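In this note's numbering, the protein residues as written are 6 to 108.
All C-beta atoms in this analysis are idealised placements derived from N, C-alpha and C, irrespective of residue type, glycine included.
Being a predicted model, the structure only gives us computed values, none of them experimental.
Shown next, in structure tokens, is the structure this report addresses.
Put into structure tokens, the structure is as follows:
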């Protein structure tokens, strides 16, 4: 893996999970892998789509995390922007000091 690696985190409303996963799985070259976590998003300016979410005051979300070369991030974000044009999709990028597998 490239010496300059980053952790890309994308948080999306649960209603776009299938579209986002299909988008990520269709990327060429393929991603090295990613992790998906379910959760809830809370905040002032959320557009809560369902009555249940409005009652709870939270949106069902999922989080995608991946470790990859920094140079791959723009193409991934552009693919997500195109496949899932939604206002409630957030992302951030973090430095990764070390990455490996325990064997």
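Check	Outcome
Could you give the first and the last residue of the continuous alpha helix (DSSP H) run that contains residue 25?	22-31
Buried or exposed for residue 37, going by 16 or more other Cβ atoms inside 10 Å?	exposed
Might you give, ordered along the chain, the residues of its own chain that have their beta carbon closer than 7 Å to the beta carbon of residue 78, omitting 5 neighbours on each side?	11, 13 and 98
Count the other CB atoms within 10 Å of the CB of residue 7; is the residue buried (16 or more) or exposed (fewer)?	In this prediction, residue 7 has a pLDDT of 46, which is less than 50 and means its spatial position is unreliable; what the coordinates show is noted afterwards. Counting Cβ neighbours within 10 Å, residue 7 comes out exposed, since fewer than 16 surround it.
If you draw a straight line from the alpha carbon of residue 72 to that of residue 39, how long is it in whole angstroms?	7 Å
Identify the residues that DSSP records as bridge partners of residue 14: which are they?	70 and 97
Check this for me: beta carbons of residue 101 and residue 66, under 8 Å apart or not?	no
Return the CA-CA distance between residue 74 and residue 84, expressed in angstroms with no decimal places.	16 Å
Note down the Cα distance separating residue 19 from residue 95, rounded to an integer number of angstroms.	13 Å
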